[in-house]
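J.: Take a look at this one; I'll ask things after.
Residue numbers (our numbering): 636 to 1035.
See the structure below:
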């Protein structure tokens, strides 16, 4: 059977459907806002993400992914973001960073004793995030083995016997390599480098020059984010083109889908907003059914790092009505959606929970231990994210 997924970009599972089959996987990935082909590393990021979803998330050899691009219909700053402030990197810092930063050689170990799985996830993010320094597939598989080990052993006894970060890294390497067909050269070095990167980020995040550089990095992307949102909400032509691009991907997958095959839609960030905007419109759902030639239903809607609930609080959707509010009742889940999961990271300032706003949704937290600047995109660099997603997909029979 085929699995069709639309990607526009983990709590208990109450609605299980164990009769779904597994086999070929068709995925359509539609990005969120602030994505442009001209961005540095755009193509490399797409290629790395595609491979990780195929090999780690869905674990399917028969996997096809499509990446329709709608960024050309988004915001187009006419002064090329000349309004963004530029900071002098030589500006005198307040100098409190060194006083607050800890450097005792066991920061990673101490954190692991609190939340081992989260630390393993953070190490994998640090090791796998840069597409220009892409790890070999053998190294990626070792990070997956480390993530699975952490998921199965959240508090290994050896955490109390190792005494510093160097010993921690070496023991994690041994556990990841245990049972592997071959040892992979360089894995220990990569674990140590990831640990150093995390410690450096934690120390530098409160340093004033780092904060200024951080704003220079995050503000342009945030400006495009805001521009894309306003353009989608206010400009009918751009909004129509974006919705048509996404609808065409849904229709193409729906036409190829057999009657008994599951249909999954995944929306990252604004992608979740656009998906909900489509799914909450009965007219749109009916038109999709007509175009596909059969009743359009979604077995699973997965929103990740999304603002879908915030936009409903502000009543920005076509389907939004004053009938539903915090003083009356929750908004019903779209009738074409059978199950809705929403993933968020507490450090991701652009992610919101759905439970207080919508009925019949399930929120789950993803802790990547990424900083505020990186958390929004860190979901897809974390081996723990793919490990736990894979486990949940297995629970409902989407993958074997």
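Note that CB positions come from ideal geometry on N, CA and C, so glycine has one too.
In whole angstroms, what separates the C-alpha of residue 980 from that of residue 872?
T.: Taking the chain shown and counting its residues from 1, the one referred to as residue 980 is at position 345. Taking the chain shown and counting its residues from 1, the one referred to as residue 872 is at position 237. Roughly 33 Å between the two C-alpha positions.
J.: Would you grab the beta carbon distance between residue 668 and residue 702 for me? Rounded to a whole angstrom, and I think it's under 8 Å.
T.: In the chain shown, residue 668 corresponds to position 33, counting from 1. In the chain shown, residue 702 corresponds to position 67, counting from 1. Not really, about 16 Å apart at Cβ, beyond 8 Å.
J.: If residue 1005 sits next to residue 760, beta carbons under 8 Å apart, how far is it from one beta carbon to the other, in whole angstroms?
T.: Counting from one through the chain shown, the residue named residue 1005 turns up at place 370. Counting from one through the chain shown, the residue named residue 760 turns up at place 125. Confirmed, about 6 Å.
J.: Starting from residue 882, trace the alpha helix (DSSP H) both ways and give me its first and last residue.
T.: Numbered from 1 along the chain shown, position 247 holds the residue referred to as residue 882. Counting along the chain, the alpha helix (DSSP H) containing residue 882 begins and ends at 871 to 891.
J.: Would you kindly work out how many angstroms separate the C-alpha atoms of residue 1033 and residue 963, rounded to a whole number?
T.: Translated into the one-based positions of the chain shown, residue 1033 becomes position 398. Translated into the one-based positions of the chain shown, residue 963 becomes position 328. One C-alpha to the other measures close to 36 Å.
J.: Bridge partners of residue 1000, per DSSP?
T.: Taking the chain shown and counting its residues from 1, the one referred to as residue 1000 is at position 365. In DSSP, residue 1000 forms a bridge with 979.
J.: How about residue 956 and residue 975: are their beta carbons less than 8 Å apart?
T.: Along the chain shown, read from residue 1 onward, the residue named residue 956 stands at position 321. Along the chain shown, read from residue 1 onward, the residue named residue 975 stands at position 340. Contact flag unset, no.
J.: If you reduce the DSSP assignment to three classes, tell me which class residue 700 lands in.
T.: Within the chain shown, the letter at position 65 stands for residue 700. Looking at residue 700 - three-state DSSP - the assignment turns out to be strand.
J.: For residue 869, does the count of other Cβ atoms within 10 angstroms reach 16, so buried, or fall short, so exposed?
T.: Locating residue 869 in the chain shown gives position 234, counting from the first residue. Residue 869 is exposed by the Cβ-count criterion.
J.: Counting along the chain, where does the alpha helix (DSSP H) carrying residue 1007 start and finish?
T.: Walking along the chain shown from the start, residue 1007 turns up at place 372. No alpha helix (DSSP H) contains residue 1007, which DSSP labels as neither H nor E.
J.: Can you look up residue 664 in the DSSP assignment and give me helix, strand or coil?
T.: If you number the chain shown from 1, residue 664 lands on position 29. Here residue 664 sits in strand by DSSP.
J.: In chain order, what residues of the same chain have a beta carbon less than 8 Å from the beta carbon of residue 654, not counting five sequence neighbours either side?
T.: Residue numbering aside, residue 654 sits at position 19 when the chain shown is read from its first letter. Reliability fails at residue 654, whose pLDDT of 38 lies under 50, so the model's placement of it is uncertain and no value is given.
J.: Report all residues from its chain with a CB closer than 8 Å to the CB of residue 945; omit the five preceding and five following residues, and keep chain order.
T.: The count along the chain shown starts at 1 and reaches residue 945 at position 310. The answer, listed in chain order, is 987.
J.: Nearest to residue 1027 by CA position, among 664, 959, 691, 743, is which residue?
T.: By one-based count along the chain shown, residue 1027 stands at place 392. Comparing Cα positions, the closest option is 691.
J.: Using a Cβ-Cβ cutoff of less than 6 Å, which residues in the same chain neighbour residue 748 once the five nearest sequence positions on both sides are dropped?
T.: Here residue 748 refers to the residue found at position 113 of the chain shown. Within the same chain, residue 748 has close Cβ partners 794.
J.: Taking DSSP as the reference, what is the three-state secondary structure of residue 727?
T.: By 1-based counting over the chain shown, the position of residue 727 is 92. Low per-residue confidence applies at residue 727: pLDDT is 34, beneath 50, and the placement is therefore not dependable, though the value from the model is reported in the following sentence. Coil, per DSSP.
J.: Please report the straight-line C-alpha distance between residue 899 and residue 992, rounded to a whole angstrom.
T.: Against the chain shown, residue 899 aligns to sequence position 264. Against the chain shown, residue 992 aligns to sequence position 357. Near 22 Å, if we compare the C-alpha coordinates of residue 992 and residue 899.
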